[in-house]
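J.: Sequence positions in the sequence shown follow the UniProt record's numbering and run 1 to 58. Backbone N, C-alpha and C fix where the C-beta goes; we use that ideal spot for every residue, glycine too. Being a predicted model, the structure only gives us computed values, none of them experimental.
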Amino acid sequence: MHMPSLSGWIIILVIALLVFGPSKLPQLGKSLGSALREFKEAVGGVGKDEQNKDKTSN
C-alpha cells in the first residue's frame, strides 16, 4: 500500500479537523505522538531482550 500524496494528506487533515474540531486536534496529535513513542520503546525493548537472550545462551 502506498502513502497518500500531499493532496491526500490535506484531505485527511481537513476531515480530522471537521470530526475532532480545532480545539481537540493538538491534544489528539500529542496523544498519538506519545503512544507512538511508547510503542517504539516497547518494540525496541523486545529486540534488546532477544539480543541479551542470545548472548547468555552461548
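If you run the structure through DSSP and keep just helix, strand and coil, what is Pro22?
T.: It is coil, neither helix nor strand.
J.: CB-CB under 8 Å to Leu28, same chain, minus the five flanking residues each way: which ones, in chain order?
T.: Closer than 8 Å at Cβ, skipping near neighbours: Ala16 and Phe20.
J.: What residues in its chain sit with their C-beta under 6 Å from that of His2, if we drop five residues either side in the sequence?
T.: There are no such residues.
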